[in-house]
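A.B. asks: In the numbering used here, the protein residues as written are 4 to 298. Just dropping this structure here.
Quick look at the structure:
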């Protein structure tokens with residue numbers, strides 16, 4: 004006896020009517036949910052049963068009841084509808100905007116991250132960044148941020164770190180001061196903390212430094228603005244000064260660059276569970292500036 008052949012895919016309207024009627028145990032209720040008439044739902048179910056050559060419902064005085072064949076068929080149809088719905092939403096419906104909170108030193112935020120925000124808007128349009136600038140090391144201890152940017156040599160107790168920048172130091176000044184042949188006699192601008200490295204730069208470059216210090220700043224970006232204004236010579240950190248060099252707002256005063264073990268790192272706690280938006284932002288930032296660590 005030849006095997007019975009059944010078309011593999013009945014019309015979608017028939018399946019929708021079957022699913023609603025099976026879930027609600029009533030053709031009239033199914034019709035109201037689907038925006039159809041009771042006669043249309045009844046016809047869809049009858050056509051489906053004819054196509055499958057199997058009765059799916061027992062017709063009762065009030066409503067319907069699934070027969071074993073219908074009960075076995077229902078979860079497969081519901082699973083298929085759920086897959087189609089989730090795939091459609093994932094691929095075609097606008098995603099809700101999600102916020103990623105990021106703590107970062109103000110110099111990195113203004114000179115590196117902010118210029119890349121237009122690229123972020125194109126690459127990840129659903130992600131908005133809540134950028135919190137750091138003024139003191141203790142600011143990192145405040146709650147509310149799974150990711151942060153830290154400056155240092157990459158060793159941050161209790162944090163996993165991915166390098167974003169490798170610092171190189173070179174003297175820079177406003178173009179008007181750069182014409183001075185003996186720039187080493189000009190006032191030297193100071194930056195508090197790890198970047199106060201004039202003595203190391205002069206020694207590595209084989210030059211004699213001088214004690215003529217000028218203004219001191221608690222952030223690199225503030226010292227950089229002072230240099231642009233012609234207040235003195237800044238020991239510029241590349242790549243933070245690259246845009247200013249390219250636009251000729253600052254001019255380099257030496258070909259010698261002092262490499263530093265310090266730089267900027269994207270860090271997180273080992274046990275931190277990142278949201279989908281945070282994972283996407285992390286991958287975007289690493290793809291633009293660094294490489295993920297193997298851990």
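Here a beta-carbon is modelled for each residue, glycine too, at the ideal position from N, C-alpha and C.
Could you spell out the range, first to last residue, of the beta strand (DSSP E) harbouring residue 176?
C.D. replies: 171-176
A.B. asks: If you count every other CB in all the chains shown that lies within 10 Å of the CB of residue 29, and 16 or more means buried, which is it?
C.D. replies: For residue 29, the number of other beta carbons within 10 angstroms of its own is at least 16, and it is reported as buried.
A.B. asks: Could you check how far apart the C-beta atoms of residue 192 and residue 217 are, in whole angstroms? I think they sit under 8 Å.
C.D. replies: 6 Å
A.B. asks: Could you tell me which uninterrupted alpha helix (DSSP H) segments, each at least 4 residues in length, are contained entirely in the region 181-268, listed from first to last along the chain?
C.D. replies: At a cut-off of 4 residues, the continuous stretches assigned as alpha helix (DSSP H) that sit fully inside the region 181-268 are 201-208, 223-231 and 245-249.
A.B. asks: Distance, Cα to Cα, residue 35 vs residue 102?
C.D. replies: If you draw a straight line from the Cα of residue 35 to the Cα of residue 102, it is about 40 Å long.
A.B. asks: Taking only three categories from DSSP, how would you classify residue 159?
C.D. replies: coil
A.B. asks: For the alpha helix (DSSP H) containing residue 107, name the first residue and the last one.
C.D. replies: Counting along the chain, residue 107 falls outside any alpha helix (DSSP H), though it belongs to the beta strand (DSSP E) covering 101-108.
A.B. asks: Would residue 180 pass as a contact of residue 224 if the rule is Cβ separation under 8 Å?
C.D. replies: no
A.B. asks: Where does residue 131 sit, in a helix, a strand or coil, going by DSSP?
C.D. replies: In the three-state scheme derived from DSSP, where H, G and I count as helix and E and B as strand, residue 131 is classed as strand.
A.B. asks: Do residue 238 and residue 172 come within 8 Å of each other at the CB atom, strictly closer than that value?
C.D. replies: In this structure, residue 238 lies closer than 8 Å to residue 172 by Cβ.
A.B. asks: Residue 194 to residue 219, Cα distance in whole Å?
C.D. replies: In this structure, the CA atom of residue 194 is about 6 Å from the CA atom of residue 219.
A.B. asks: Return the first residue and the last residue of the beta strand (DSSP E) that residue 69 is part of.
C.D. replies: 67-69
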